[in-house]
Amino acid sequence: MESLMSFLTGPGLIISLAVFFIGLAVRLVLYFMGLDWRLDRVAYKPHMSEGMRGGLYSAYKWLVPFGTFGWRAQPFFTICFFLLHLGAVLVPLFLTAHNEILRMRFGFGLPSLPQGVTDVLTVATIIGLFFIILRRIALTEVRIITTAYDYFIIALVAVPFVSGFIARVSSAGSDGWLLVHIISGELMLVLAPFTKLSHIVLYFASRWQLGADYSIKRGGHRRGPCFPW
Amino acid sequence: MPEGQLCNRTPISTEEALKALLADKGGKQYYDEMTKLDVDTVKLWSTIEKTCKTRTKTWLEICAHCGLCADSCFLYRCNNADPEQVPAFKIQSTLGEIIRRKGNVDNAFMRRAMEYAWSRCTCCNRCGQFCPHGIDVGVMFSYLRGLLYSQGFVPWELKIGAGMHRVYGAQMDVTTEDWVDTCEWMAEENGEEWPGLEIPVDKEDADIMYTLNAREPKHYPEDVAEAAILFHLAGENWTVPSTGWEQTSLSMFAGDWEACRMNVEKVYDSIERLRPKRVIGTECGHAHRATVIEGPYWMGRPDGLPPAEYIHYVEWVAEALRTGKLKIDPAKRIKEPVTLQDSCNYVRNHGLGKYTREIMSYLADDFREMGPNREYNYCCGGGGGFNGIGMYRKQRNVALLTKRDQILATGCKLVVAPCHNCWDAIRDLEEEYHIGIKWTFLKPLLIKMCIVPDHLKPQEEDGEE
């Protein structure tokens with residue numbers, strides 16, 4: 056148990072983080088290398104500054120809760136989405152315990168959020184996930200496109216959050232939950248580049264592309280600096 | 357079973373083949389042969405490998421199956437929230453499935469894909485605006501249409517349409533002679549009422565070269581006359597080319613990219629031949645999309661731009677009203693409530709909504725917006741070729757319900773529709789649902805409302821038979 060833990064928080068962690076970061080970086084590079092101005096019918100290079108402006112704005116605008124016409128049209132989903140994603144991004148990065156492990160193992164860590172804040176964010180993520188699952192089951196328009204793979208992705212994210220939270224709140228004998236948390240967390244890191252979780256970076260790529268498309272080709276300066284998402 | 361006599365993978369490139377296909381009324385034999393048409397799976401997969409790159413692959417891969425696109429799609433809405441009309445479902449179960457199976461699909465699959473590509477998506481691109489990942493299903497359906505076309509699975513009317521472009525260089529059989537004759541005829545016919553009216557053909561170095569939709573000379577020659585009268589009123593130095601005047605592209609609806617290129621090439625050649633300062637296209641949405649927005653790419657122009665500044669008719673009208681080249685008689689402004697149809701092809705996809713609104717501010721006392729509008733407006737219900745496909749007429753008529761309800765909600769009885777496809781769809785919805793509306797292009801409205809300067813009026817004493 057002891058040695059398993061030290062493997063998981065040592066070499067195991069290094070491997071998962073390496074696969075995660077390198078894998079996602081490769082996905083990002085491959086995405087942009089695979090853009091083809093003739094096939095996409097978007098003249099990226101000659102209009103790069105318009106493209107950058109429109110692309111970055113499009114990626115930014117969709118990160119703002121209720122910031123777009125689309126988000127405003129779907130208030131329930133928007134709330135679930137931001138509950139889920141806020142915690143899913145912030146907790147792994149800024150949890151005190153995570154950064155303590157980093158400091159212990161590698162001698163550096165990120166600043167930490169107060170425990171109370173990460174607790175709230177974790178609960179918010181779990182609630183967000185719960186309602187997103189519910190929505191998937193309840194709404195016919197979501198059910199018809201739902202596959203087992205979608206539930207696998209949800210589980211890949213849910214297990215580390217739920218187990219981590221149980222380990223955090225249970226007073227004693229939480230080693231089992233901690234083990235589940237670490238294994239599932241690392242599994243998520245390792246699988247991210249190869250699954251739909253690659254949207255962690257490909258979201259920015261795909262949003263950039265459509266924003267650039269609208270600014271370069273589909274109207275551009277005629278409707279002001281950027282498409283009014 | 358090999359390819360059919362009429363339904364096959366070969367594009368129509370001779371008048372004879374075109375006439376044979378036209379003679380098959382309603383495509384009876386054509387569709388019958390289609391049920392036996394083999395899929396060339398090797399070619400299909402190799403085409404996909406060559407043309408399906410990261411943008412499309414990523415769209416298909418990262419689609420979170422969240423269903424937010426459902427409500428964005430007017431076809432989902434007007435088909436009673438049918439889950440099989442969810443854009444993500446439509447594309448994943450067609451293009452997505454072809455790619456997952458590496459092109460190994462059968463005849464029945466392709467015929468179903470055809471039904472989806474041409475009757476369940478008008479390529480209006482609205483869903484792309486509602487997807488958090490920025491997945492544009494309309495763009496993918498357009499790509500799928502190209503794949504289906506290359507395999508011979510395309511609605512009969514669009515195979516003909518693409519063939520027309522290949523054979524006549526226009527969506528209808530209007531020859532150069534017919535076209536030039538129409539110009540002369542229209543100038544003469546209206547010369548009495550508009551002294552000095554000209555339709556100059558092939559004038560070099562004019563300020564404006566005008567391009568249009570073949571059905572204008574073929575079926576509505578008065579539209580050509582109206583364009584001429586308005587340029588005449590505005591005092592423009594303009595011309596039309598004898599060849600390369602046809603701006604539309606049924607081949608774009610069909611997914612026949614080679615024919616698209618051929619058509620745009622003719623227009624661009626005429627621009628280079630006549631060297632106008634700029635080009636103005638008629639009140640048509642898809643013609644603008646084809647020749648101004650997509651055309652440069654079909655022609656392989658690295659800057660993505662046509663060879664000269666190329667604007668839509670509404671941009672010219674807005675400018676002419678703004679600069680006072682055309683003046684509206686205040687007494688003739690439209691008093692009744694009036695609404696405006698935003699064409700997906702040049703409003704959502706080219707940002708021209710502000711020009712149509714600028715125009716309405718000059719024309720109407722009681723202009724009322726549809727809801728939603730501008731970039732977020734719904735398709736008229738007949739876009740992307742939907743209007744013209746007999747086989748899908750029932751589905752098209754259902755698709756008109758969204759626009760019908762939008763128009764009814766404005767309380768207007770007059771709809772300004774500066775786009776041929778939208779204009780047709782709105783005409784058809786009146787015929788189908790009898791809501792008591794009128795619909796119009798801008799040109800006839802403007803001619804009725806513009807102040808005619810004295811020197812352009814017919815002189816009484818010159819009047820003769």
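Heads up: the sequence lines are chains A and B, in that order.
Take the first sequence: its letters are residues 56 to 284, numbered as in the numbering used here.
Take the second sequence: its letters are residues 357 to 821, numbered as in the numbering used here.
Glycine residues also receive a C-beta, built at the ideal position from the N, C-alpha and C atoms.
query, result
"Tell me the DSSP bridge mates of B/Trp795?", "B/Val771"
"To be precise: take each residue of the region 633–660 of chain B, compare its Cβ to all Cβ atoms of chain A, and keep it if any distance is under 9 Å. Which residues remain?", "Ile649, Glu650, Pro652, Tyr653, Trp654, Gly656, Arg657, Pro658, Asp659, Gly660"
"Is the CB-CB distance between B/Gln485 and B/Tyr732 below 8 Å?", "yes"
"Contact criterion: CB-CB distance below 8 Å. Does A/Phe124 meet it with respect to chain B?", "yes"
"Nearest CA to the CA of B/His521: which residue from B/Glu621, B/Lys804, B/Ile555, B/Cys479?", "B/Glu621"
"At which residues does the beta strand (DSSP E) containing B/His668 begin and terminate?", "665–668"
"In three-state DSSP terms, what is B/Trp550?", "coil"
"Taking the alpha-carbon of B/Gly547 as reference, which of B/Val557, B/Ala765, B/Glu582, B/Arg433 has the nearest alpha-carbon?", "B/Glu582"
"Taking three-plus beta-carbon pairs below 8 Å as touching, is the region 717–732 of chain B in contact with the region 688–698 of chain B?", "yes"
"Taking one C-beta from the region 497–510 of chain B and one from the region 586–601 of chain B each time, how about it: are there three or more such pairs within less than 8 Å?", "no"
"Using a Cβ-Cβ cutoff of less than 7 Å, which residues in the same chain neighbour A/Gly142 once the five nearest sequence positions on both sides are dropped?", "Leu176, Thr177, Ala179, Thr180"
"Determine the chain A residues that contact B/Trp415 at a beta-carbon separation under 8 Å, and present them in chain order.", "Ser261"
"With DSSP run on the structure shown, which of helix, strand or coil describes B/Leu424?", "helix"
"If the criterion is Cβ atoms closer than 8 Å, does the pair A/Leu83 and A/Val256 meet it?", "yes"
"Run through the DSSP bridge pairs and tell me what B/Tyr718 is partnered with.", "Bridge partners of B/Tyr718: none, in fact."
"Of the choices A/Met60, A/Leu194, A/Pro283, A/Arg262, whose alpha-carbon is the least far from that of A/Phe132?", "A/Leu194"
"With 8 Å as the threshold, decide whether the Cβ of B/Pro774 is near any Cβ in chain A.", "no"
"Check the Cβ of A/His236 against every Cβ in chain B and list those closer than 7 Å, keeping chain order.", "In chain order: nothing, as chain B lies at least about 24 Å away."
"Please confirm if the region 474–483 of chain B is in contact with the region 576–591 of chain B, defined as three or more CB-CB distances below 8 Å between the two stretches.", "no"
"Which chain B residues are close to A/Gly275, counting only those with a beta carbon under 9 Å from its beta carbon?", "His706, Gly707"
"Closer than 8 Å, CB to CB, is A/His153 near chain B or not?", "no"
"Would you identify the three-state DSSP class for B/Ile807, choosing helix, strand or coil?", "coil"
"Note down, in chain order, each residue of its chain lying with its Cβ closer than 6 Å to the Cβ of A/Ala267, except the 5 sequence neighbours on either side.", "Gly106, Gly109, Gly110"
"Check B/Met324 in the structure and name its three-state DSSP category.", "No statement about residue 324 of chain B is possible, as the shown extent of chain B runs from 357 to 821 and does not include it."
"Assuming B/Ile636 is part of the alpha helix (DSSP H), what are its boundary residues?", "Premise fails: B/Ile636 lies in the beta strand (DSSP E), 634–637, not in any alpha helix (DSSP H)."
"Just the chain A side, please: which residues come within less than 8 Å of B/His668 by C-beta, in chain order?", "In chain order: nothing, as chain A lies at least about 10 Å away."
"Which runs of the alpha helix (DSSP H) spanning at least 4 residues fall entirely within the region 646–701 of chain B, listed in chain order?", "651–654, 669–678"
"Do B/Arg704 and B/Glu665 have their beta-carbon atoms positioned less than 8 Å apart in this structure?", "no"
"Is the separation between the beta-carbon of B/His421 and that of A/Asp205 shorter than 8 Å?", "yes"
"Which residues, in order along the region 138–165 of chain A, keep a beta-carbon less than 9 Å from a beta-carbon of chain B?", "none"
"Check the Cβ-Cβ distances between B/Thr407 and every residue of chain A, and say whether any is below 8 Å.", "yes"
"Where do the N-terminal and C-terminal ends of the alpha helix (DSSP H) with B/Ile368 fall, by residue?", "First-last for B/Ile368: undefined, no H or E at that position."
"What is the DSSP secondary structure of B/Thr766, counted as helix, strand or coil?", "helix"
"Please go through the same chain and pick out, in chain order, the residues whose beta-carbon is closer than 7 Å to the beta-carbon of A/Arg93, but skip the five residues on each side of it.", "none"
"Specify the secondary structure class of A/Gly274 as computed by DSSP and reduced to three states.", "coil"
"In this structure, how does DSSP classify B/Met528 when only helix, strand and coil are distinguished?", "coil"
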